[in-house]
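Undergrad: Residue numbers (the working numbering): 25 to 508. Before I ask anything, here is the structure I am working with.
Structure (structure tokens):
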């Protein structure tokens, strides 16, 4: 990491609300980790065990961690160089504007506006499922309504200044750490290595089915790692982003890789994998088998808190994306409003919260798989290209952090994302491609009325290249730092 870090503490323009830089390394890492851990491993362990057919599922988690770390290097470089609300949207906009105008960032917002809140919906549904541990008689409708209730609470807690949110996030992060420590400690106290490594016959046979299952397993594991980039979507609210954003990404990936792999191994070391694959409350089951009913009840409550924390940080980071796109004139204008008194994108937050609540009534499995595949196609693969394009097009761009062993990490990430994409369940790939094509049609309609490329010549604005203050430190351009 270079010493010439950027502080980007530009003065707000008079009369215009501006983001508050209040997130240091600890709360930034906490935001990433709470979003990453969430309820993921507590609902995906049975799925990945079923998908890969045994404890060899740990291989999927290991390769998922490798992919996350390689991709995290891309996020670290881009996030440090261009810290602004919007994350991938900003990077794609800056890189692809030379040839395709606003098409690529438009497609990214198109796929993400649904993907982010619906992913949060899955977490809220997971909360309601764990609540059914206490009340098994709950009907499906009641479970959906409980999920909606937690969504409303999440939005209400986010409806405040970022400084207050940082304190809430630290509290939720502590809850996540306690949850992990409890299940790891309980599992280790009754760990049976014969169960943990009870691989079925031909578990590692090199066959086409093995690689298809491994790809599907990696897709599930990468879902659990998703969130390592949350603070990149909040670049305007991070202190010393040139240092904090890369470190928060790297630390959170390493920590969660250890956490997820430990939980996976410990779980099948307590509960036979054949039984674990059929459980819908696997975290509670582990504590039930080790420390009894009281511990299982406490664990269930902690999982609910952890899942809530994940939804909290997911909506916190995700609501910044439509805001930044709207400021650019690329999305509906109301999304670009900041709350006049508390300086956060309240319209974006409320609308994404509404979509999350609606999603609580849906069957999300196929839909989320499809939207994740679409995100891979536009966001993750597109972002790898963006880093390479920007190194060529903007060699003088200040880069407080550079991708380690470039371009090796980019190549590893590219191969990993393509592998997951083409081994996704059969409906996902054609649906994802169809959704992106539909987004292209929507863009053409939007571009026609907005009079932008391809109906007008491309206008290039290198927003960060020349954004330097007199003291040589990078300063976020005014048009990226304040509401229209």
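Don't be surprised by glycine CBs; every beta carbon is placed ideally from N, CA and C. All values derive from a computational prediction rather than experimental measurement.
In whole angstroms, give me the CA-to-CA distance for residue 478 and residue 247.
TA: Numbered from its first residue, the chain shown carries residue 478 at position 454. Numbered from its first residue, the chain shown carries residue 247 at position 223. Distance between the alpha carbons of residue 478 and residue 247: 35 Å.
Undergrad: Would you call the CB atoms of residue 59 and residue 241 closer than 7 Å?
TA: Here residue 59 refers to the residue found at position 35 of the chain shown. Here residue 241 refers to the residue found at position 217 of the chain shown. Result no, Cβ atoms of residue 59 and residue 241 do not sit closer than 7 Å.
Undergrad: Give me the residue from 412, 284, 108 with the minimum Cα distance to residue 83.
TA: Residue 83 sits at position 59 when you count from the first residue of the chain shown. It is 284 whose Cα lies nearest to the Cα of residue 83.
Undergrad: Got a sec? Which residues, its chain only, sit under 7 Å from residue 114 by beta carbon, not counting five neighbours each side?
TA: By one-based count along the chain shown, residue 114 stands at place 90. Only 106, 108, 348 meet the Cβ criterion.
Undergrad: Considering only DSSP beta bridges, list what residue 262 is partnered with.
TA: If you number the chain shown from 1, residue 262 lands on position 238. Beta-bridge pairing links residue 262 to 47.
Undergrad: Can we say the stretch 129-144 touches the stretch 345-365, given the rule of at least three CB pairs closer than 8 Å?
TA: Segments in contact, yes.
Undergrad: Can the beta-carbon of residue 301 be found closer than 7 Å to that of residue 73?
TA: Here residue 301 refers to the residue found at position 277 of the chain shown. Here residue 73 refers to the residue found at position 49 of the chain shown. Yes.
Undergrad: Which residues in the same chain have their Cβ closer than 6 Å to the Cβ of residue 94, if we skip the five residues on either side of it in sequence?
TA: Here residue 94 corresponds to residue number 70 of the chain shown, with the count starting at 1. Once the five neighbours on either side are set aside, the close Cβ partners of residue 94 are 433, 436, 437.
Undergrad: Between which two residues does the alpha helix (DSSP H) carrying residue 420 extend?
TA: As a working note, residue 420 is residue 396 in the chain shown. That residue, residue 420, is in no alpha helix (DSSP H); it is neither H nor E in DSSP.
Undergrad: Taking the beta carbon of residue 170 as the centre, do at least 16 other beta carbons fall within 10 Å, making it buried, or is it exposed?
TA: Residue 170 sits at position 146 when you count from the first residue of the chain shown. That one is buried.
Undergrad: If distances are taken between C-alpha atoms only, which option among 455, 372, 406, 449 comes closest to residue 124?
TA: Working through the chain shown from its first residue, we reach residue 124 at position 100. Per the Cα distances, 406.
Undergrad: Give a yes or no on whether the C-beta atoms belonging to residue 385 and residue 214 are separated by under 7 Å.
TA: Numbered from its first residue, the chain shown carries residue 385 at position 361. Numbered from its first residue, the chain shown carries residue 214 at position 190. No; because the gap between Cβ atoms is not below 7 Å, this pair is not in contact.
Undergrad: For residue 373, collect the residues of the same chain with a Cβ closer than 8 Å to its Cβ; drop the 5 residues on either side in sequence, then sort them by chain order.
TA: As a first step, residue 373 is located in the chain shown; it is residue number 349 there, counting from the start. If we look at residue 373 and ignore the five residues flanking it on each side, its Cβ neighbours are 179, 182, 183, 339, 343.
Undergrad: So what's residue 434 in DSSP terms, helix, strand or just coil?
TA: Numbered from its first residue, the chain shown carries residue 434 at position 410. Note: residue 434 maps to helix in three-state DSSP.
Undergrad: Mind listing, in chain order, the continuous beta strand (DSSP E) runs of no fewer than 3 residues lying wholly within the stretch 67-137?
TA: Fully enclosed beta strand (DSSP E) runs of 3 or longer: not present.
Undergrad: Whole angstroms is fine: what's the gap from residue 326's alpha carbon to residue 173's?
TA: Working through the chain shown from its first residue, we reach residue 326 at position 302. Working through the chain shown from its first residue, we reach residue 173 at position 149. So the two alpha carbons sit approximately 18 Å from each other.
Undergrad: Does the stretch 310-320 touch the stretch 225-240, meaning 3 or more C-beta pairs lie closer than 8 Å?
TA: The stretch 225-240 is not in contact with the stretch 310-320.
Undergrad: Using CA coordinates, which residue listed in 90, 194, 89 is at the minimum distance from residue 51?
TA: For the purposes of this step, residue 51 is identified with residue 27 of the chain shown, where counting begins at 1. Of 90, 194, 89, the residue nearest in Cα terms is 194.
Undergrad: Once the 5 residues before and after residue 139 are set aside, which same chain residues still bring their CB inside 8 Å of it?
TA: Here residue 139 corresponds to residue number 115 of the chain shown, with the count starting at 1. These residues qualify, in order along the chain: 392, 395, 396, 398, 399.
Undergrad: Run through DSSP, which three-state label would residue 316 get?
TA: Counted from its first residue, the chain shown places residue 316 at position 292. Three-state result, residue 316: coil.
Undergrad: Mind listing, in chain order, the continuous alpha helix (DSSP H) runs of no fewer than 4 residues lying wholly within the stretch 274-330?
TA: As far as the stretch 274-330 is concerned, its whole alpha helix (DSSP H) runs of at least 4 residues are 297-300, 306-314.
Undergrad: Where residue 581 and residue 54 are concerned, what is the direct C-alpha to C-alpha distance, given to the nearest angstrom?
TA: Beyond the ends of the chain as shown, which are 25 and 508, falls residue 581; an answer cannot be given.
Undergrad: Under 7 Å, do residue 311 and residue 210 count as touching if we go by C-beta distance?
TA: Taking the first residue of the chain shown as position 1, residue 311 is located at position 287. Taking the first residue of the chain shown as position 1, residue 210 is located at position 186. Closer than 7 Å, so yes.
Undergrad: Does residue 156 come out as helix, strand or coil in the three-state DSSP assignment?
TA: On the chain shown, position 132 is the one that residue 156 refers to. Three-state result, residue 156: coil.
Undergrad: Are the CB atoms of residue 157 and residue 291 within a distance shorter than 7 Å?
TA: The residue you call residue 291 lines up with position 267 of the chain shown. The residue you call residue 157 lines up with position 133 of the chain shown. Not in contact: residue 291 and residue 157 (Cβ atoms no closer than 7 Å).
Undergrad: For residue 480, which three-state DSSP category applies?
TA: Residue 480 sits at position 456 when you count from the first residue of the chain shown. Residue 480 falls in the coil class under three-state DSSP.
Undergrad: Which residue comes first and which comes last in the alpha helix (DSSP H) that contains residue 379?
TA: Taking the first residue of the chain shown as 1, we reach residue 379 at position 355. Counting along the chain, the alpha helix (DSSP H) containing residue 379 begins and ends at 370-383.
Undergrad: On the CB-based measure, 16 or more other CB atoms within 10 Å of its CB, does residue 276 come out buried or exposed?
TA: By one-based count along the chain shown, residue 276 stands at place 252. Buried.
Undergrad: Less than 8 Å between C-beta atoms, sequence neighbours within five positions excluded: which residues of the same chain meet that for residue 295?
TA: Start at 1 with the first residue of the chain shown, and residue 295 comes out as number 271. 219, 303, 306, 309, 310, 313.
Undergrad: Anyone know if the C-beta pair for residue 251 and residue 444 falls short of 7 Å?
TA: Residue numbering aside, residue 251 sits at position 227 when the chain shown is read from its first letter. Residue numbering aside, residue 444 sits at position 420 when the chain shown is read from its first letter. Cβ distance not < 7 Å, so residue 251 and residue 444 don't count as in contact.
Undergrad: For residue 476, collect the residues of the same chain with a Cβ closer than 7 Å to its Cβ; drop the 5 residues on either side in sequence, then sort them by chain order.
TA: Within the chain shown, residue 476 is the residue found at index 452, counting from 1. Cβ within range, chain order: 125, 126.
Undergrad: Enumerate, from N- to C-terminal direction, the unbroken alpha helix (DSSP H) stretches of 4 or more residues contained entirely within the stretch 163-217.
TA: Segments of the alpha helix (DSSP H) lying fully in the stretch 163-217: 164-182, 186-213.
Undergrad: Who are the Cβ neighbours of residue 271 in its own chain at under 7 Å, not counting the five residues just before and after it?
TA: Counting from one through the chain shown, the residue named residue 271 turns up at place 247. 49.
Undergrad: Consult DSSP for residue 244 and reduce its assignment to one of helix, strand or coil.
TA: Counting from one through the chain shown, the residue named residue 244 turns up at place 220. Residue state, collapsed to three classes: helix.
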